[in-house]
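Peer 1: Let me begin by handing over the structure; questions about it come next.
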Amino acid sequence: MATMSSQPLGLAAISIVQPACQLPNDWFGAAMPRKFGKHTGIEERRVSFDDELSMGIDAVTRLQREAGCDLSDCRGLVFVSPSLIPPTIARRHLSPEAARRERPSDVAQRLAQQLELSNCHIRGLNWFCCGYSRALGVVQRHLGSRLRLADSEYILVVVANRISRITNYGCSKTGGLFGDMASATMISPLTSRRHPVHFELVHAQADRQPAERPFFDFHIEEDVPVPGPAGQRERESNRLVYSLDGMGIAETAPRAMSAAVAEALGETGFAASELQFVVPHQAGSGIVRFTGMQLEGLGIESELVNGLTRHTGNVSACSVPHALHHEWQRLHGLVACPTAAVGAPGQPEVLQGCVLLKSTPHHDRRASVAA
Numbered sequence: 002m003a004t005m006s007s008q009p010l011g012l013a014a015i016s017i018v019q020p021a022c023q024l025p026n027d028w029f030g031a032a033m034p035r036k037f038g039k040h041t042g043i044e045e046r047r048v049s050f051d052d053e054l055s056m057g058i059d060a061v062t063r064l065q066r067e068a069g070c071d072l073s074d075c076r077g078l079v080f081v082s083p084s085l086i087p088p089t090i091a092r093r094h095l096s097p098e099a100a101r102r103e104r105p106s107d108v109a110q111r112l113a114q115q116l117e118l119s120n121c122h123i124r125g126l127n128w129f130c131c132g133y134s135r136a137l138g139v140v141q142r143h144l145g146s147r148l149r150l151a152d153s154e155y156i157l158v159v160v161a162n163r164i165s166r167i168t169n170y171g172c173s174k175t176g177g178l179f180g181d182m183a184s185a186t187m188i189s190p191l192t193s194r195r196h197p198v199h200f201e202l203v204h205a206q207a208d209r210q211p212a213e214r215p216f217f218d219f220h221i222e223e224d225v226p227v228p229g230p231a232g233q234r235e236r237e238s239n240r241l242v243y244s245l246d247g248m249g250i251a252e253t254a255p256r257a258m259s260a261a262v263a264e265a266l267g268e269t270g271f272a273a274s275e276l277q278f279v280v281p282h283q284a285g286s287g288i289v290r291f292t293g294m295q296l297e298g299l300g301i302e303s304e305l306v307n308g309l310t311r312h313t314g315n316v317s318a319c320s321v322p323h324a325l326h327h328e329w330q331r332l333h334g335l336v337a338c339p340t341a342a343v344g345a346p347g348q349p350e351v352l353q354g355c356v357l358l359k360s361t362p363h364h365d366r367r368a369s370v371a372a
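If you read the sequence shown in my numbering, its first letter stands for residue 2, the second for the next number, and so on.
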């Protein structure tokens, strides 16, 4: 049921890379609200000291090892990073050379060069926590209609999230929310025998919606506590950090994700009763729980996946691939993966998206054998 694609595609494999450094809630001391863990479900988060390019390379290297793919067969690369600084902010606070290094398209090109990818269509984007749904939409609507993949060929969606580099660790409301992670997703033809598809890509989309006020911006913070490579506490005199209206986005995100699921079902013609699982963006256990309540109000009572932020924090655009990887064997049937995110810095908008997946006979047979 893939739309606008001459060749149906699907997810064949996902690999995840987590940094070694773990930052527990105790690290924050008195700056961490006592009820933070209860409200968010987050007890620790990972912190990367490698840049987004290196993280992306690590994720692809792991995918090569786990899925046995040959990079010479890669025909498309979509690189996603929610931690790269948006152009308007980069031009304001960084040198021209440093600002260029923040462009997703430039990092995508450098990733392709490092991986020695040839004959490969390359895209780069941010889209914050909706980056994965946006990337799969690009694959389905653009690359999928341009490329005619052979049996062994595939497209890579690589996400590298290092929000630790722009976190104000001294902020009691937002300092503990995010963690770092990288992922690599292999997308192959539905008929591929070399890389069999586990989940058909039925629908993928992300778009902008107006909001009452901005929820997100950047500023320079002085004398910020930051973690060192061994988890030690250090200080940074001047640090470019994000600022987030946590209460505002916590109220808006559940409505945005539930609306995205309803819209995806409407566009594809599936009934709510056909939906087996909802795997939402793991922003925190509370937001996911409220999303479930919103979905129930729309008549969607599918099994809801929650609780995956405990040892990772909110890993932004890596959230959905991480959840899919974690639940891979258990998922079956029609699966909705809604996402919600802040809009552009200083803009009264939110981002929302949804990916619809449908398990293939290949996946269902393997899951049955494993069970």
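Even glycine gets a Cβ: it sits at the ideal position worked out from N, Cα and C.
#1: Straight-line CA distance for residue 280 to residue 311?
#2: Let me know if residue 411 comes out buried or exposed under the rule of 16 or more other beta-carbons within 10 Å of its beta-carbon.
#3: Have a look at residue 53 and residue 82 and give me their C-alpha separation to the nearest angstrom.
#4: Do you know offhand how far residue 77's Cα is from residue 140's?
#5: What are the partner residues of residue 48, as DSSP defines its beta bridges?
#6: Roughly how many angstroms lie between the CA atoms of residue 32 and residue 72, to the nearest whole one?
#7: What is the DSSP secondary structure of residue 114, counted as helix, strand or coil?
#8: Exposed or buried, which one is residue 5 when buried takes at least 16 other CB atoms within 10 Å?
#9: Short check: CB of residue 60 to CB of residue 16, under 7 Å?
#10: By Cβ distance, which residues of its chain are closer than 8 Å to residue 236, with the 5 residues on each side in sequence left out?
#11: So for residue 153, helix, strand or coil by DSSP?
#12: Roughly how many angstroms lie between the CA atoms of residue 136 and residue 40, to the nearest whole one?
#13: Per DSSP, which one or two residues make a beta bridge with residue 16?
#14: Please report the residue range of the alpha helix (DSSP H) in which residue 62 lies.
#15: Enumerate, from N- to C-terminal direction, the unbroken alpha helix (DSSP H) stretches of 4 or more residues contained entirely within the stretch 242-293.
#16: Report, in whole angstroms, the separation of the C-beta atoms of residue 122 and residue 147, which I expect to be a contact under 8 Å.
#17: Sorted by chain position, which residues of the same chain lie with C-beta nearer than 6 Å to residue 158's C-beta, five sequence neighbours on each side aside?
#18: I want to know whether the stretch 295-302 touches the stretch 322-336 - three or more CB-CB distances under 8 Å.
#19: Find out if the Cβ-Cβ distance for the pair residue 314, residue 134 is shorter than 7 Å.
#20: Three-state secondary structure (DSSP) at residue 329?
#21: Using beta-carbon positions only, say whether residue 201 and residue 62 come within less than 7 Å of one another.
#22: Among residues of its own chain, excluding the 5 on either side of residue 92, which ones have a beta-carbon nearer than 7 Å to its beta-carbon?
#23: Report the option in 13, 339, 338 and 20 whose CA atom is closest to the CA atom of residue 161.
Peer 2: In brief:
#1: 16 Å
#2: The structure shown does not extend to residue 411, since the chain is modelled only from 2 to 372, so the question has no answer here.
#3: Cα-Cα distance, rounded: 7 Å.
#4: 8 Å
#5: For residue 48, which the question treats as bridged, DSSP gives the partners 22.
#6: 46 Å
#7: helix
#8: Bear in mind that a pLDDT of 45 at residue 5, under 50, signals an unreliable position, so the model cannot answer this.
#9: yes
#10: Closer than 8 Å at Cβ, skipping near neighbours: 224, 225, 226 and 227.
#11: Three-state DSSP puts residue 153 in coil, outside helix and strand.
#12: 30 Å
#13: 185
#14: 53-68
#15: If we require 4 residues or more, the alpha helix (DSSP H) runs fully inside the stretch 242-293 come out as 247-269.
#16: 7 Å
#17: Same-chain partners within the cutoff: 79, 136 and 186.
#18: Below 8 Å, too few C-beta pairs join the stretch 295-302 and the stretch 322-336 to call them touching: fewer than three.
#19: no
#20: coil
#21: no
#22: 100
#23: Of 13, 339, 338 and 20, the residue nearest in Cα terms is 20.
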